[in-house]
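Undergrad: Quick one: the structure is below, and I'll ask about it shortly.
Pasting the structure below:
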């Protein structure tokens, strides 16, 4: 028996070798090694095939020799053939039945394998479809959840903003109420002082009346502001309630989405169970159909054999026909046996080849997946490493910039020391004010008459920190220090806290005029020390922070002014005749000397 060598060619073995893989030189080397391995396996199979062919040839020779011997023996035992004819026929019939049974079994195995492969392909296809459907459902659910979470976060943020706004408005209302009560108390105090000092200060009654009207006007304005603030608070509360309703609606929507997802999941699980049950029934029907086909095939083979035996018996006549018939039957059985053996070997080889190819494909697919994962992991590591490198560089740059700024600030502070500036004064009322130099640096202002007057310095306070030190001698009575807008011209007879000057000035008062009160643009707040004669009063203006802070004999006072965002000038003011004010120094400081003290209070510029 010969085997066709073309059926076992190199191409049948190297079906799975890729023609050109662009993955890289490393993988190309692996593919070349795999090709050499496949070639070695191919050569091994060739050698095994040649050995099988040699064995088959030897068996054929042996069979032919035995046939010749049997022929010679048959010529000698023709008489014996008649006796054993029936026995031989029975044995041959049994052998034919066995061969037919083997053939039927082979056919059944083939159909069974095909059926299993078909079932496996269908199961894989269904599994892929189910995975895709579940992935789509999962993506949709993730998108819904993200949208719901984004809406929830937005509403939480808006809710928090409204709460903070409500708190801020409440604080403003409290501040305005406190200011109103303070103004009322001050107003009552001023009325009592007016009654007590009516005879002594008749000229000031009109001025106090103006102050009272202004205070009433301010009180009305504060009441209006309070009402507006209450309205704003109510609107904010209303908006807060609306946002709360929206937040509850969003939470309900999230719950609905979760319930819908749960119902959808249960429905998909039920459909999956139903599909599996239908698939099981279909497979059972397929198996039953295969069994029926196998039985039909066996009956068909048996029918053909019976018909063949009937025809053969009908054609049998005489001894010569029996011998020729026996030879034909033997030859037919031998050819069938050889053909079955050849088919069996070929099926075995094909099965092994198929399994090997499938394993190689699976291994190659796994290798590619692993390589892809390695590439992705490497890319992710590289990306993270680059991000970390960038972050480290940015951190280093920020640290370097911070250090440079600190060094520059230190260097600037080293270069810029506290610097004295010349004291130049604007004399708005020469008939009431005289100026004299003290020690060539200080300036002394001497007042002639008993009336209001404010004196401003010419130096404009812009960038940096500025300091003015003064010392009063007023018989223990009125005086003060402060600032004025650079754009405002201070007239003669100016009182800093009277209309319209109070809209452009801020001041810190001594005794007989508020006793430590800080006044600014119509607002006032007490709490500072009421300074007296020969004490050193200092005003420190920080242009960067926009603050004006006061000191008495080096002690920082708790009430100060904030929100100054424009050019200003220092001022001093006095009332009594023969009062003096010595301007000790005007300096630009390298850095502020002020800090924080207990019970701090602020007045808005």
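Residue numbers (my numbering): 20 to 624.
By construction, the Cβ of each residue, glycine as well, lies at the ideal position given by its N, Cα and C atoms.
Quick caveat: nothing in here was measured; it's all calculated off a predicted structure.
Could you spell out the range, first to last residue, of the beta strand (DSSP E) harbouring residue 571?
TA: That run of the beta strand (DSSP E) goes 566 to 571.
Undergrad: Count the C-beta pairs between the segment 158 to 165 and the segment 381 to 401 that are closer than 8 angstroms, then say yes if the count reaches three, no if not.
TA: Touching, no, given that fewer than three Cβ pairs across the two stretches are closer than 8 angstroms.
Undergrad: Should the segment 546 to 559 be called in touch with the segment 450 to 468, which here means at least 3 C-beta pairs below 8 angstroms?
TA: They do not touch, by the three-pair rule.
Undergrad: Using alpha carbons as the reference points, say which of 149, 324 and 254 lies closest to residue 290.
TA: It is 149 whose Cα lies nearest to the Cα of residue 290.
Undergrad: Note down the Cα distance separating residue 375 from residue 381, rounded to an integer number of angstroms.
TA: So the alpha carbons of these two residues sit roughly 10 angstroms apart.
Undergrad: Starting from residue 528, trace the beta strand (DSSP E) both ways and give me its first and last residue.
TA: Looking at the DSSP string, the run of the beta strand (DSSP E) that includes residue 528 is 524 to 528.
Undergrad: Report yes if the C-beta distance between residue 606 and residue 486 is below 7 angstroms; otherwise report no.
TA: The answer is yes: Cβ separation under 7 angstroms.
Undergrad: Near residue 522, which residues of its chain fall below 6 angstroms by C-beta distance, leaving aside the five closest residues on each side in sequence?
TA: Closer than 6 angstroms at Cβ, skipping near neighbours: 540.
Undergrad: Whose CA, out of 543, 611, 558 and 98, lies closest to the CA of residue 623?
TA: With distances taken between Cα atoms, residue 623 lies closest to 543.
Undergrad: Drop a sphere of 10 angstroms on the beta-carbon of residue 576, count the other beta-carbons inside from all chains shown, and report buried for 16 or more, exposed for fewer.
TA: Residue 576 comes out buried.
Undergrad: Quick test of your reading: residue 558 and residue 592, contact by CB under 8 angstroms. State the CB separation rounded to the nearest angstrom.
TA: That belief does not hold up - the Cβ atoms of residue 558 and residue 592 are roughly 13 angstroms apart, past 8 angstroms.
Undergrad: On the three-state DSSP scale, how would you describe residue 440?
TA: Correct three-state label for residue 440: coil.
Undergrad: Between 602, 312 and 517, which has its C-alpha nearest residue 440's C-alpha?
TA: The option with the nearest alpha carbon to residue 440 is 602.
Undergrad: Count the C-beta pairs between the segment 496 to 506 and the segment 567 to 586 that are closer than 8 angstroms, then say yes if the count reaches three, no if not.
TA: Because the criterion of three Cβ pairs below 8 angstroms is met, the segment 496 to 506 and the segment 567 to 586 touch.
Undergrad: On the premise that residue 620 lies in contact with residue 498, defined as a C-beta separation below 8 angstroms, what is that separation, rounded to the nearest angstrom?
TA: The pair is not a contact, with the Cβ atoms about 22 angstroms apart (cut-off 8 angstroms).
Undergrad: Taking the straight line between their C-alpha atoms, what separation do you get for residue 359 and residue 390?
TA: Rounded to whole angstroms, residue 359 to residue 390 spans 46 angstroms at the Cα level.
Undergrad: Can residue 604 and residue 568 be called in contact, C-beta distance under 7 angstroms?
TA: Not in contact: residue 604 and residue 568 (Cβ atoms no closer than 7 angstroms).
Undergrad: Measure the CB-CB distance between residue 111 and residue 368 and report whether it falls below 7 angstroms.
TA: Taking 7 angstroms as the Cβ cut-off, residue 111 and residue 368 do not qualify as a contacting pair.
Undergrad: When the Cα atoms are used, what is the spatial distance from residue 570 to residue 534?
TA: The straight-line gap from Cα to Cα measures roughly 15 angstroms.
Undergrad: Per DSSP, what kind of secondary structure is residue 315 in: helix, strand or coil?
TA: Helix.
Undergrad: Anyone know if the C-beta pair for residue 355 and residue 118 falls short of 7 angstroms?
TA: Their beta carbons are under 7 angstroms apart, which means residue 355 touches residue 118 by this criterion.
Undergrad: Beta-carbon separation of residue 578 and residue 537 under 7 angstroms?
TA: Result yes, Cβ atoms of residue 578 and residue 537 sit closer than 7 angstroms.
Undergrad: Classify residue 461 as helix, strand or coil using the three-state DSSP reduction.
TA: Strand, per DSSP.
Undergrad: Closer than 6 angstroms by C-beta to residue 23: which residues in its own chain qualify, once you throw out the five before and the five after it? Chain order, please.
TA: Note that residue 23 has pLDDT 49, beneath the 50 cutoff, so the model's placement of it is unreliable and the number below is only indicative. Correct list: empty, nothing qualifies.
Undergrad: Do you know offhand how far residue 611's Cα is from residue 194's?
TA: Distance between the alpha carbons of residue 611 and residue 194: 29 angstroms.
Undergrad: Count the other CB atoms within 10 Å of the CB of residue 618; is the residue buried (16 or more) or exposed (fewer)?
TA: Per the 10 Å Cβ criterion, exposed.
Undergrad: On the criterion of 16 or more Cβ atoms from any shown chain inside 10 Å, does residue 423 qualify as buried, or is it exposed?
TA: With fewer than 16 other Cβ atoms within 10 Å, it is exposed.
Undergrad: When you measure from the CB of residue 70 to every non-hydrogen atom of the ligand ATP, does any distance come out below 6 angstroms?
TA: This structure lacks the ligand ATP; in fact it carries no ligand of any kind.
Undergrad: Does the separation of the CB atoms of residue 417 and residue 448 fall below 7 angstroms?
TA: The answer is no: Cβ separation not under 7 angstroms.
Undergrad: Using beta-carbon positions only, say whether residue 524 and residue 515 come within less than 7 angstroms of one another.
TA: Cβ atoms of residue 524 and residue 515: closer than 7 angstroms.
Undergrad: Put residue 588 into one of helix, strand or coil per three-state DSSP.
TA: In this structure, residue 588 counts as strand in the three-state DSSP scheme.
Undergrad: Helix, strand or coil for residue 88, going by three-state DSSP, please let me know.
TA: Reduced to three states, the DSSP call for residue 88 is helix.
Undergrad: Can you tell which of 501, 560, 130 and 187 has the C-alpha that lies nearest to the C-alpha of residue 483?
TA: Comparing Cα-Cα distances from residue 483 to each of 501, 560, 130 and 187, the minimum goes to 560.
Undergrad: Let's see if you can read the secondary structure: which residues bound the beta strand (DSSP E) around residue 558?
TA: Per DSSP, residue 558 belongs to the beta strand (DSSP E) from 555 to 561.
Undergrad: If you draw a straight line from the C-alpha of residue 167 to the C-alpha of residue 174, how long is it?
TA: Going by the C-alpha atoms only, they are around 11 angstroms apart.
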